[in-house]
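Worksheet for the structure shown next.
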Amino acid sequence: MCLQGVMSLWLACPKNLMSDLLPASGKYPKRTFLWKATLSGGLLVWLLGRLDWRIFFDLITHGRWVFLFPAVACLFGGILLSVYRWKLILSDLGVTVSDFLLWRLILTGFFFNQFLPSTIGGDGYRFLRLHKRYPDQRAPVIASIVLDRTSGYIALLGVHFALLPLAIKNVVQHEWLGLIEIILGIGVICLFVLWVMRHRWIPLFSRLNLPSFALYEKVLQFLELVTSRRRRAIALALVFSAIFVILNGVALGFYLRVLGFFPSWLPVLLASTLSSVVGVLPISINGLGLVEVVAVIALEPIGLPQEGILLAIFLLRVANLAVGLIGGLLYGLEPWLKE
């Protein structure tokens, strides 16, 4: 996800950085959207076909809606953390932005993330809007968004693997859950090794003059520039991101409580982080279908019915869409709002 975000934001940079490396054909995005939609739609159809609709609607009619308030509070708490995490990063890069403008950009970016078929649409909006406000701060603005996105993903992985040893007994007893964790672990180890050894293998592969490798090399160079920031700023950004990840898992737990289920928090947090990690893979539309499947795989073993799991995820998505509409309203009112 981070790599995809860097590529999209770099489109706004000078031509000599990226444009000569991007595919010239306009058919690629259409084909990409088609197979992503096919995957998301296929997974949802498969899941819905397995539901007992009597149980599903019974859960809705007997909901304990008082638990909706702490769930929504977790959502707004996460947005608050996002605002101050980005402000911290911008300040470290020498860009001073008012809290009001940051709130507007975060909420409006959240709107684009929810209603566009890509979770990086909000990043593009944030860059364009802030670059318009500070035209001489192009590089710091891009760096802030990439570091904001990167810190979130690193914290997500960090929280997940910190929780994993505590729930390892449950994981190893269920083959699909264990398989997903093994694949994820191998993938993270491979990426870490590639990053640590990058100064050794990059010169070897650069001799091949492959356009795709040249693109990846530029991304690595840009990420090195971003991660060269002060350690204190990066550490605080990671702390904010980790709390954000935990709040998201707690919100899922409260949505389950709305439906009358009271599982322990550990498996819920593990399921939330795992589904989020898989959901950000750029192979579906905003994680639709992937998040639901992984959540079912992770939570069914602790005795939760898939009707309750899917309904909890549905409530989470509806809450996100509702908050996204606030951002859409702010976007519509943008010409009349002061900085």
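All the letters of the sequence shown, read from the start, carry residue numbers 854 to 1192 under the numbering used here. Glycine included, C-beta positions come from ideal geometry on N, C-alpha and C. Given the structure is predicted, the values throughout are model-derived calculations rather than measurements.
Could you name the residues of the same chain whose beta carbon sits closer than 6 Å to that of residue i, not counting the 5 residues immediately before and after it, in chain order?
i	result
G1180	L960, T961, F963 and F964
I1166	E1145 and A1148
C866	At C866 the pLDDT is 44, less than 50, meaning the model places this residue with poor confidence and gives no usable figure here.
S878	Low confidence applies to S878: its pLDDT is 39, below 50, so where it sits in the model is not reliable, and the reading given next is rough at best. Excluding sequence neighbours, S878 sits near nothing in its chain.
P923	F1107
Taking DSSP as the reference, what is the three-state secondary structure of residue i?
i	result
F1014	helix
D976	helix
T1126	helix
Q1026	coil
F1167	helix
Y881	Because Y881 carries a pLDDT of 47, less than 50, the predicted location of this residue cannot be relied on, and the following value inherits that uncertainty. Helix at Y881.
Y987	coil
G1113	coil
M950	Sequence check: residue 950 is Val here, not Met. The answer is coil: DSSP assigns V950 none of H, G, I, E or B.
D905	coil
N1139	coil
G1156	coil
R957	helix
V1103	helix
L941	helix
G916	coil
K1191	coil
L1174	helix
Keeping to the same chain, check which residues put their C-beta closer than 7 Å to that of residue i; ignore five residues upstream and five downstream.
i	result
S1125	N1101, G1102 and L1105
G1161	L912, L1109, L1112 and F1114
A1095	A1008, G1011 and V1012
P993	L946, G947 and V948
L1030	V1024, I1150, A1151 and P1154
Y975	Checking the sequence shown, residue 975 turns out to be Gly, not Tyr. Around G975: G962, F963, F965 and N966.
W1048	none
Between residue i and the rest of its own chain, which residues show a CB-CB distance below 8 Å, the 5 nearest in sequence each way excluded?
i	result
P876	Note that P876 scores a pLDDT of 39, beneath 50, so its modelled location is shaky and nothing firm can be said.
G894	G1142
R1083	D945
H1027	I1150 and P1154
L1119	L1016, L1019 and A1020
Please name the residue in the options whose C-alpha comes closest to that of residue i.
i	options	result
I913	L1112, A1020 and G1040	L1112
L1037	L1017, D911, V1176 and P1120	L1017
N1173	T891, L904, E1034 and F968	F968
E1034	V1049, P1116 and A1015	A1015
L892	R917, E1187, L1190 and I1138	I1138
I1021	F886, P1188, L1186 and P1154	P1154
N1023	V1121, F1167 and G894	V1121
L943	G1177, I1042 and Q990	Q990
G1005	W918, R979 and A1090	A1090
V1098	S1129, R1085 and V1046	S1129
Y1184	D1001, P1158, W939 and L958	L958
R1002	G916, F1093 and L928	F1093
W899	L1168, L1163 and V1171	L1163
A1086	G930, I932, V925 and Y937	Y937
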